Each structure stands twice: as structure tokens, then as C-alpha cells.
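Sequence lines, in order, name chains G and C.
Start counting the first sequence at 245; every next residue gets the next number (this note's numbering).
Start counting the second sequence at 124; every next residue gets the next number (this note's numbering).
Idealized CB from N, CA, C, for every residue including glycine.
Here the structure is a predicted model, which means the values were calculated and not measured.
Reading through the C-alpha cells given below for one structure.
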Amino acid sequence: MTKPGMNRRTLLKAGAGAAGLAMLGAAGPALAADKRIRMYWWGGKERADRTIATNKLYMQANAGTNIDGETLAWGDYWPRLATQTAGRNAPDVIQMDYRYIFEYARREALLPLDQFVGKSLNLGDFSQAAIDSGKVDGKIYGISLGGNTAATLYDRVAFETAGVKAPDFDTSWADLAKLSVELAKASKKPGYYGVMDAGGLESVLECWLRTRGQELYTPDGKLGFGEKDITEWFAYWADLRKAGGCVTPDLQALDKQAPENNMLTLGKAAIGFAHSNQLVAYQALNKSKLNLTSYPTGGAGGKPGQYLKPSMLFSISARTKEPEEAAKILSYYVNDIDAGKALGVERGVPASSTVLKAVMPDLDELGKAAAEYVGAMSSRVGALPPPPPPGAGEIQVLIRRINEQVGFGRASVADGAKQFVTEATTILGRG
Amino acid sequence: MTIAATTAEVKGTAWMRGFRRNLAGYLFLLPWLVGFLGLTLGPALGSLYLSFTDFDLLRDPRWAGAANYVRIFTADPKFAESMHVTFVYVVLSVPLKLTFALMVALLLNRGMAGLSLYRAMFYLPSLLGASVAIAVLWRQLFAGNGLVNQVILMVFGIQGPSWISNPDYALYTLVILSIWQFGSPMIIFLAGLRQIPQDMYEAASIDGASKWRKFYKITLPMLTPVIFFNAVVQTIEAFKAFTPAFIISEGTGGPIDSTLFYTLYLYQEAFGYFRMGYAAALAWVLVAIVALFTAFSFLTSRYWVHYDE
Numbered sequence: 245m246t247k248p249g250m251n252r253r254t255l256l257k258a259g260a261g262a263a264g265l266a267m268l269g270a271a272g273p274a275l276a277a278d279k280r281i282r283m284y285w286w287g288g289k290e291r292a293d294r295t296i297a298t299n300k301l302y303m304q305a306n307a308g309t310n311i312d313g314e315t316l317a318w319g320d321y322w323p324r325l326a327t328q329t330a331g332r333n334a335p336d337v338i339q340m341d342y343r344y345i346f347e348y349a350r351r352e353a354l355l356p357l358d359q360f361v362g363k364s365l366n367l368g369d370f371s372q373a374a375i376d377s378g379k380v381d382g383k384i385y386g387i388s389l390g391g392n393t394a395a396t397l398y399d400r401v402a403f404e405t406a407g408v409k410a411p412d413f414d415t416s417w418a419d420l421a422k423l424s425v426e427l428a429k430a431s432k433k434p435g436y437y438g439v440m441d442a443g444g445l446e447s448v449l450e451c452w453l454r455t456r457g458q459e460l461y462t463p464d465g466k467l468g469f470g471e472k473d474i475t476e477w478f479a480y481w482a483d484l485r486k487a488g489g490c491v492t493p494d495l496q497a498l499d500k501q502a503p504e505n506n507m508l509t510l511g512k513a514a515i516g517f518a519h520s521n522q523l524v525a526y527q528a529l530n531k532s533k534l535n536l537t538s539y540p541t542g543g544a545g546g547k548p549g550q551y552l553k554p555s556m557l558f559s560i561s562a563r564t565k566e567p568e569e570a571a572k573i574l575s576y577y578v579n580d581i582d583a584g585k586a587l588g589v590e591r592g593v594p595a596s597s598t599v600l601k602a603v604m605p606d607l608d609e610l611g612k613a614a615a616e617y618v619g620a621m622s623s624r625v626g627a628l629p630p631p632p633p634p635g636a637g638e639i640q641v642l643i644r645r646i647n648e649q650v651g652f653g654r655a656s657v658a659d660g661a662k663q664f665v666t667e668a669t670t671i672l673g674r675g
Numbered sequence: 124m125t126i127a128a129t130t131a132e133v134k135g136t137a138w139m140r141g142f143r144r145n146l147a148g149y150l151f152l153l154p155w156l157v158g159f160l161g162l163t164l165g166p167a168l169g170s171l172y173l174s175f176t177d178f179d180l181l182r183d184p185r186w187a188g189a190a191n192y193v194r195i196f197t198a199d200p201k202f203a204e205s206m207h208v209t210f211v212y213v214v215l216s217v218p219l220k221l222t223f224a225l226m227v228a229l230l231l232n233r234g235m236a237g238l239s240l241y242r243a244m245f246y247l248p249s250l251l252g253a254s255v256a257i258a259v260l261w262r263q264l265f266a267g268n269g270l271v272n273q274v275i276l277m278v279f280g281i282q283g284p285s286w287i288s289n290p291d292y293a294l295y296t297l298v299i300l301s302i303w304q305f306g307s308p309m310i311i312f313l314a315g316l317r318q319i320p321q322d323m324y325e326a327a328s329i330d331g332a333s334k335w336r337k338f339y340k341i342t343l344p345m346l347t348p349v350i351f352f353n354a355v356v357q358t359i360e361a362f363k364a365f366t367p368a369f370i371i372s373e374g375t376g377g378p379i380d381s382t383l384f385y386t387l388y389l390y391q392e393a394f395g396y397f398r399m400g401y402a403a404a405l406a407w408v409l410v411a412i413v414a415l416f417t418a419f420s421f422l423t424s425r426y427w428v429h430y431d432e
């Protein structure tokens with residue numbers, strides 16, 4: 245009887261000792277760091293590594309500040325941010341997207357940053373356009389972490405072996421259709437096509453509309469195009485499907501708009517549509533050599549379809565306890581040379597010209613290609629589109645569904661277009 | 124008076140004794156009880172309140188009366204669409220799964236060697252069933268150049284379609300996934316089969332009854348309480364199914380909403396578009412539908428379920 249008792253007591257003591265040690269361990273950094281900042285971003289491992297390294301540099305230079313990083317994939321990121329914001333527990337520094345910044349800013353979840361500009365937040369090297377890209381209703385709510393623009397990615401080897409001319413800056417929509425069919429025929433691989441079926445992809449539709457001088461949405465939040473336009477759009481892809489230029493609908497349905505299930509990565513098509521900063525991620529998943537160029541143009545008389553946009557922004561929670569420190573961190577991210585080197589162009593091309601110049605020589609081949617592409621595009625892009633209205637997320641899904649209905653033969657092009665306009669109008673009316 | 128006092132005292136002490144005797148039990152129950160009240164009942168009532176509001180998570184909920192419910196039944200085509208998908212799934216998967224489970228249970232009940240091993244093996248898929256890993260595995264099996272199509276190509280020489288990304292077949296791959304998870308009803312069937320008195324079969328054998336006749340006249344009627352139990356539990360489970368559709372369609376319910384389970388639609392409304400109030404109303408409609416189904420099952424059960432009296 246004594247032995248087990250002894251054991252239990254020794255165990256208890258050991259446990260208490262361990263707990264005490266753990267408390268000591270926790271107390272150390274907690275005492276040293278009186279400012280704790282929570283930073284939250286979406287992205288993969290590459291981004292996490294670079295961000296954590298940058299935070300370490302900041303903490304070394306600023307004793308007394310501790311930055312805790314939290315990261316999730318895009319799909320899980322927004323539900324959790326919304327839940328935390330609702331629970332009055334939002335992170336201090338929040339990675340924002342152009343689609344969501346309006347909703348968060350207008351619901352007073354973000355801090356206006358104008359008060360810090362020129363003090364703790366230095367935007368001296370930012371162009372006016374770069375500053376404006378983080379504005380909502382005239383106030384700054386987000387700081388651009390890098391610019392990007394839409395990019396056509398293609399398998400260079402596939403085009404070389406097939407002897408078909410690869411797409412370039414002057415390729416029009418009509419050219420794209422032609423060269424896709426040519427490549428599919430020349431490649432002689434069954435189940436291999438020229439291009440992904442982008443009829444359901446909002447970003448590609450937007451560019452196509454803009455080359456025609458239209459927009460997805462008007463500034464007052466209505467559809468920026470009519471039934472006739474969307475009929476033409478769905479018909480373009482229906483024709484390309486019939487001609488064997490783009491992938492079949494059951495293949496395209498596997499694409500969930502992530503690099504790992506893009507038709508290019510799955511080896512089903514030679515051309516995919518993405519964004520310039522994603523070149524690094526795509527190349528990591530593709531065995532074949534990739535190259536990037538612009539989205540197709542409107543041909544003679546066409547307007548610029550693309551625009552430069554902040555691929556990601558940093559915002560500050562309206563409820564942060566350390567607004568000054570958070571603003572200082574933002575400033576560090578966009579101005580410090582060491583931070584710029586650690587971050588590279590993984591989030592996009594830095595908005596500060598000084599940082600870009602300092603970072604360029606250290607970039608690897610892919611980073612250089614992406615940065616040079618954005619540089620080359622800057623003279624070919626149009627203005628930023630009006631902010632997406634509430635319901636834009638639903639319409640993005642709707643475009644995909646209608647394109648699938650047409651692709652699988654469940655609806656004719658005309659019926660699909662009519663249904664699209666009806667449903668989209670309902671969604672926008674509901675808000 | 125003294126007598127009354129003593130009885131009261133005795134009663135009191137008896138009650139006390141009873142309480143003290145059960146105290147340990149209540150204490151052990153406490154973690155569950157706290158969890159049930161705080162984590163299940165509380166939030167459930169909270170969601171009932173939210174179902175009458177407009178709530179986007181960022182701003183405070185605004186009272187909307189019955190507007191959400193009115194919209195569900197009058198102006199929401201996706202409600203009908205997702206209900207249809209869920210009903211097809213329930214109506215196909217529950218009977219097929221139960222039949223399959225009963226067949227395997229009958230097979231295992233013949234007293235073969237290594238029964239417990241087989242039982243464990245057949246039960247395994249049910250343990251894994253709701254998991255993300257299995258749904259991912261399913262996606263790989265039924266994709267364009269997945270294992271299923273490779274086998275078809277080898278045996279029949281035909282290139283099969285991409286089952287999971289084709290609106291004609293996607294839902295049925297989910298039904299097959301559900302049937303494959305027949306383990307838990309099978310275990311219950313097996314226990315039920317064990318309870319049927321052997322002398323009934325012996326008497327029937329003496330009377331010259333065939334195997335089929337014994338099955339129809341003894342096994343099935345004696346098993347009806349277990350069938351009933353399994354049917355109710357599996358129906359509720361099928362209505363609630365979410366993970367397989369979510370993983371296989373990556374949350375889209377596609378292609379063309381062919382795998383848009385009701386729960387998935389609810390999830391999209393809540394976490395895709397932040398219409399928490401509307402999603403809460405959708406959830407309570409589902410609760411009502413499942414409750415109706417269960418009540419209906421219990422009402423009809425008296426006509427076909429035979430309890431051993």
C-alpha cells in the first residue's frame with residue numbers, strides 16, 4: 245500500500261515541478277515583450293517561411309515587440325477572420341484582398357490608416373496609384389504588399405515540340421482560339437488540349453469585357469454588361485469546346501481554381517489563366533518549363549483588358565490595442581530593404597521603387613520573370629475597375645455553374661445567358 | 124410528532140443517502156452535462172434566435188422577423204434544388220446500405236472461424252468514413268484517370284468518364300461511398316441476429332421449412348426492431364451528410380450543383396456569403412424535416428415492427 249502512495253506523490257511533485265518550469269518558460273518572453281501583435285495571412289508554405297523570417301528580423305530590430313503569426317489557406321481564411329471579427333478577437337495585422345476590403349472597411353472592422361501616414365507609416369516611395377489601391381471611400385484602409393496582374397501561363401515545351409507559335413502580348417481572343425486548336429491537333433496526345441475552359445472564370449471574363457470597353461460591374465453596383473455580351477462569351481467557349489481547342493467539361497470541373505488542380509498542372513492543357521505572382525507556385529508543381537504572357541487582347545481597336553492591382557494588402561484591425569506598433573510593422577514590411585529581400589516578390593512586385601531596385605538583383609529566375617512581366621505590362625493596363633458590389637462572390641460561382649450547364653449540354657448558349665442575367669440580377673438586388 | 128419527525132428525518136437521510144450514493148455518478152456526468160448545456164443546447168437556442176435576424180458576423184444581428192423563413196419557402200430555388208439532391212441521396216443510400224449491411228451480417232452470423240477479425244475489418248470503413256482522408260481517396264478513385272477508370276479500361280477497354288466531375292454520376296459516387304460505410308448497422312444487425320432464439324429455427328427445420336422461408340418467416344420479423352432502429356439512425360445520418368460532398372466537390376457542390384447537399388448549401392450561405400441568419404433558418408428547417416421523418420417512422424412502425432412480448 246505504501247509503495248503506490250509513494251509513487252503517486254512523487255508523480256504529483258514531478259508534475260508540479262514540470263508545470264512550474266512551463267510557467268517560467270512562458271513568463272520569460274511575456275515579460276520581455278510588452279507589445280504583442282497577432283498577424284494573420286493566407287497562403288502556402290513558401291509565404292509562411294518568408295513572412296516568419298521577416299517578423300524575426302523586425303523583432304530583432306525592435307526589442308519589446310512580439311509578433312505571432314497565424315496562417316491558413318484562402319478558403320478557410322475568410323470564415324475564420326469573419327468569426328474572429330464577430331467575436332471581437334480579430335488579429336491586429338490582417339492580410340486583405342481587394343474583394344473583401346470594402347466589406348470590412350464599411351462595416352468598421354478596419355482602422356483608417358491616414359492618421360499614421362508620414363509618421364509611423366512611410367509611404368514616400370509609393371506611387372499615388374499604389375496608395376489609392378488601398379482606399380475605401382477616400383480613406384486608406386490597406387497598404388499594398390505587392391502588385392500583380394493577370395497572366396496567361398503556358399507550357400513552353402508543349403508549344404516548341406508541336407511547332408505552334410506560343411501566345412504573346414499581341415495574341416487576340418480570336419488568335420487564342422486558333423492556336424489552341426492547332427496545338428491540340430499537333431500534340432497528337434489524346435486528352436490533351438490547347439487551353440483550359442475559362443468560360444466559367446470571372447477574371448478571364450472581366451478581361452474580355454474590358455477589351456470591349458465594358459466592366460463586370462458599374463460603379464453603382466449593377467451588371468456592367470448585358471445578355472448579348474454574355475451570350476457571345478459563352479458561345480466563344482462553346483465553339484472552342486466543339487473545335488477541340490479547350491478541355492472537356494468533366495475535366496474542367498476538376499479545376500477548383502488552385503495551382504494544384506489547374507488544367508496546366510494536371511497535364512490536360514498547354515495554357516492556363518492565373519496571376520503573375522503565382523508563376524512561382526505553378527512552376528513548383530509543373531515538370532515542364534512554364535512561361536508567362538498577357539491575357540489575350542481585343543485585337544485592333546481593343547481596349548486594355550488588364551489592370552495592375554495589389555495582390556495583397558495589409559490592414560489593421562479597428563480594435564487593435566497597439567495601433568502605433570501595428571502601423572510601424574506595416575511600414576517595415578513595405579520599406580525596409582532587408583524585409584523586402586526576405587519577402588522577395590512572392591506576394592507580388594513591391595510598390596516601393598526603392599525596395600524593388602534593391603530586391604531585383606537577388607531574385608531567382610522565376611521572381612525576375614514575374615517582376616519583369618509586371619514591369620512590361622504597366623504600359624498596357626487600364627484603370628482599376630470599380631469595387632465589386634456585395635453578391636459579387638455569388639456571381640463568380642454563378643458564371644462557373646452556367647458555363648458548366650452549357651458545357652455539359654444542360655442548357656443552350658442562349659438559355660444559359662438568359663438564366664445568367666436573371667439570376668445575377670436577383671443576387672445583386674438582394675445585396 | 125416525534126414519529127413524523129423521525130420519518131421525515133429518515134426520508135431526508137434516505138434522500139441524502141440516495142443523493143450521496145449517486146453523487147459520484149452525477150460528478151462523472153458533469154463534464155457531459157456542462158458540455159451539453161454550454162456547447163449544444165445554448166448554441167442551438169442561439170441559432171434559433173439568429174434564424175429570425177439578418178446577421179453578417181461583422182455587424183450586430185438585426186431582427187428580421189420571419190423574413191428568412193418566408194424566403195426559403197417562396198423565393199429560393201437553391202433550397203428546392205439542394206433538398207432534391209439530399210432526398211435522392213437519402214432515398215438511395217439508406218436502403219442500399221442497410222441491405223448490404225444485413226447481407227454481410229447474415230454471412231458473418233453463420234459462425235465462421237475468425238469472426239471477430241472479419242467483424243473488425245468490415246467495421247473499419249465506418250470509423251474512417253466521415254474522415255477527410257477517405258473523401259480525398261474517393262476523389263482519386265473516381266477521377267478521370269483514377270483507379271476505377273483504369274480497371275474499366277483494362278477489363279472492358281473503354282475510357283470511362285471522370286465520375287466525380289460529371290453531373291450525371293457525381294452524386295452516385297457519394298452514394299457508393301455511403302454504402303461502403305456499412306459497418307455500424309452491420310454490427311447492430313449481427314447483435315440482433317444473435318438474439319433470435321435458435322429453437323425457432325430448429326422447429327422450422329423439423330417442419331421442413333426452406334432456407335428462404337426461415338429467413339422470411341423468422342429472421343426478418345424477429346429483426347424488425349433492429350431494422351427500424353438502423354433505418355431511423357441512418358436516415359438522420361444521411362440527411363446530415365456533409366464531409367464527402369464538401370471534400371469531393373471542394374465546397375462547390377458542383378458540377379452544376381449536382382452534389383449540393385442541403386448541409387453544403389447551408390454552409391455556403393453561412394461561411395461563403397456570411398448570411399448567418401439565413402443559414403440558421405435553413406438549419407432549423409432541416410431539423411424540422413428530420414423530426415417529421417422520424418415521427419413518421421415511429422407512427423408507421425406499429426404496423427411493421429414486431430416487438431417480442
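Chain G contact residues for Glu204/C, given Cβ-Cβ distances below 9 Å: Translated into positions along the second sequence, residue 204/C becomes position 81. Those within 9 Å of Glu204/C in chain G number zero; the least Cβ separation is about 11 Å.
Whole-angstrom distance between Tyr576/G and Asn306/G, CA atom to CA atom: For the purposes of this step, residue 306/G is taken as residue 62 along the first sequence, with counting starting at 1. For the purposes of this step, residue 576/G is taken as residue 332 along the first sequence, with counting starting at 1. Rounded to the nearest angstrom, the two C-alpha atoms are 11 Å apart.
Residues from the stretch 374-401 of chain G in contact with chain C, defined by Cβ distance under 8 Å: none
Short CB-CB distance (under 9 Å) between Tyr284/G and chain C: The residue you call residue 284/G lines up with position 40 of the first sequence. With 9 Å as the cut-off, Tyr284/G does not count as an interface residue toward chain C.
Segment limits, beta strand (DSSP E) that includes Ala514/G: Here residue 514/G refers to the residue found at position 270 of the first sequence. Looking at the DSSP string, the run of the beta strand (DSSP E) that includes Ala514/G is Ala513 to His519.
Under 7 Å (Cβ pairs) to chain C, residues found in the stretch 315-340 of chain G: Gly319, Pro323, Ala326, Thr327, Thr329 and Ala330
Any C-beta of chain G under 9 Å from that of Phe397/C: In the second sequence, counting from the first residue as 1, residue 397/C sits at position 274. With 9 Å as the cut-off, Phe397/C counts as an interface residue toward chain G.
Close Cβ partners of Thr347/C (< 7 Å) along its chain, the five nearest in sequence each way excluded: By one-based count along the second sequence, residue 347/C stands at place 224. Excluding sequence neighbours, Thr347/C sits near Trp427, Val428 and His429.
Option in Leu355/G, Glu459/G and Glu404/G with minimal Cα separation from Val380/G: Sequence index remark: in the first sequence, residue 380/G carries index 136 (1-based). Of the listed residues, the one whose Cα sits closest to Val380/G is Leu355/G.
Whole runs of the beta strand (DSSP E) within the stretch 332-405 of chain G, excluding any shorter than 3 residues: You should have 337-340, 387-392 and 394-399.
Rounded straight-line distance, which links the Cα of Gln304/G to that of Ala276/G: Translated into the one-based positions of the first sequence, residue 276/G becomes position 32. Translated into the one-based positions of the first sequence, residue 304/G becomes position 60. Summary for Ala276/G: the model assigns pLDDT 49, below 50, so the residue's position carries little reliability, and this model does not support an answer.
Buried or exposed (CB count within 10 angstroms, at least 16 for buried), Gly457/G: As a position in the first sequence, residue 457/G is number 213, starting the count at 1. Exposed, by the Cβ-count rule.
Cross-chain neighbours of Arg182/C in chain G, by beta carbon under 7 Å: By 1-based counting over the second sequence, the position of residue 182/C is 59. Ordered by position in chain G, the residues that pass the 7 Å Cβ test against Arg182/C are Arg351.
Cβ separation of Leu313/C and Leu231/C, assumed to be a contact under 8 Å, to the nearest whole Å: The residue you call residue 313/C lines up with position 190 of the second sequence. The residue you call residue 231/C lines up with position 108 of the second sequence. The Cβ separation is near 6 Å, so the contact holds.
CB contact check: Pro378/C to chain G, cutoff 9 Å: Your numbering for residue 378/C matches position 255 in the second sequence. Yes, because at least one Cβ of chain G sits closer than 9 Å to the Cβ of Pro378/C.
Backbone secondary structure at Gly438/G - three-state DSSP: In the first sequence, residue 438/G corresponds to position 194, counting from 1. Note: Gly438/G maps to strand in three-state DSSP.
Within chain C, partners of Gly637/G - CB distance below 8 Å: The sequence position of residue 637/G within the first sequence is 393, counting from 1. Going along chain C in sequence order, the residues near Gly637/G (Cβ under 8 Å) are Gly395 and Tyr396.
Best match in Gly546/G, Val589/G, Leu628/G and Ala502/G for proximity to Glu616/G [C-alpha to C-alpha]: In the first sequence, the residue the question calls residue 616/G occupies position 372. Checked all of Gly546/G, Val589/G, Leu628/G and Ala502/G; the closest Cα to Glu616/G is Val589/G.
Residue span of the alpha helix (DSSP H) that contains Pro308/C, given as start and end: Against the second sequence, residue 308/C aligns to sequence position 185. Gly306 to Gln318 is the span of the alpha helix (DSSP H), which, as asked, contains Pro308/C.
Within-9 Å CB hit, Leu495/G to chain C: Against the first sequence, residue 495/G aligns to sequence position 251. Answer yes: the Cβ-Cβ gap between Leu495/G and chain C drops below 9 Å somewhere.
Exposed unless 16 or more other CB atoms sit within 10 angstroms - verdict on Arg252/G: Counting from 1 along the first sequence, the entry for residue 252/G is found at position 8. Because Arg252/G sits at a pLDDT of 48, beneath the cut-off of 50, its placement in the model cannot be relied upon, and the following sentence gives the value as read from the coordinates. The residue in question, Arg252/G, is exposed, as its Cβ has fewer than 16 Cβ neighbours within 10 Å.
Span separating the alpha-carbon of Phe558/G from that of Thr327/G: Numbered from its first residue, the first sequence carries residue 558/G at position 314. Numbered from its first residue, the first sequence carries residue 327/G at position 83. Straight-line Cα distance between these residues: approximately 19 Å.
Uninterrupted alpha helix (DSSP H) stretches inside the stretch 571-621 of chain G (no shorter than 4 residues): 581-587, 597-603 and 609-621
Inter-residue spacing [alpha-carbon to alpha-carbon] between Leu229/C and Leu316/C: Here residue 229/C refers to the residue found at position 106 of the second sequence. Here residue 316/C refers to the residue found at position 193 of the second sequence. Distance between the alpha carbons of Leu229/C and Leu316/C is about 8 Å.
Contact list for Glu648/G against chain C, beta-carbon separation under 7 Å: Position 404 of the first sequence, counted from the start, is the residue given in the question as residue 648/G. Result: Gly377, Pro378 and Ile379.
Contacting residues, own chain, Cβ-Cβ under 6 Å from Asn392/G (five flanking each side not counted): Here residue 392/G is taken as the residue at index 148 of the first sequence, counted from 1. If we look at Asn392/G and ignore the five residues flanking it on each side, its Cβ neighbours are His519, Ser520, Asn521, Ser555 and Gly592.
The stretch 471-485 of chain G in contact with the stretch 411-423 of chain G per 3-pair CB rule at 8 Å: yes
Distance CB(Lys400/G)-CB(Leu534/G) smaller than 9 Å: Working through the first sequence from its first residue, we reach residue 400/G at position 156. Working through the first sequence from its first residue, we reach residue 534/G at position 290. According to the sequence as given, residue 400/G is Arg; it is not Lys. Against a cut-off of 9 Å, the Cβ pair of Leu534/G and Arg400/G comes out as a contact.
Phe416/C at chain G interface by Cβ criterion, 9 Å: Here residue 416/C is taken as the residue at index 293 of the second sequence, counted from 1. No, Phe416/C lies away from the interface with chain G (no Cβ there is under 9 Å from its Cβ).
Cβ neighbour criterion (16 or more within 10 Å) applied to Lys565/G: Numbered from 1 along the first sequence, position 321 holds the residue referred to as residue 565/G. Lys565/G is exposed by the Cβ-count criterion.
Chain G residues whose Cβ lies nearer than 7 Å to that of Ala368/C: The residue labelled residue 368/C in the question sits at position 245 within the second sequence. In chain order: nothing, as chain G lies at least about 14 Å away.
C-alpha gap between Phe103/C and Val214/C, whole angstroms: Nothing about residue 103/C can be read from this structure; chain C reaches only from 124 to 432.
For Thr669/G, the nearest candidate out of Leu529/G, Gly468/G and Leu484/G (CA to CA): The residue given as residue 669/G occupies position 425 in the first sequence. If we check each option's Cα against that of Thr669/G, Gly468/G comes out closest.
Cβ-Cβ distance between Arg690/G and Val337/G below 9 Å: Because chain G is modelled from 245 through 675, residue 690/G falls outside the range shown and cannot be assessed.
Beta carbon proximity, Gly287/G to chain C, threshold 9 Å: The residue labelled residue 287/G in the question sits at position 43 within the first sequence. No, Gly287/G lies away from the interface with chain C (no Cβ there is under 9 Å from its Cβ).
Bridge partner(s) assigned by DSSP for Ile560/G: As a first step, residue 560/G must be located in the first sequence, where it is residue number 316. Ile560/G is bridged to Val337/G.
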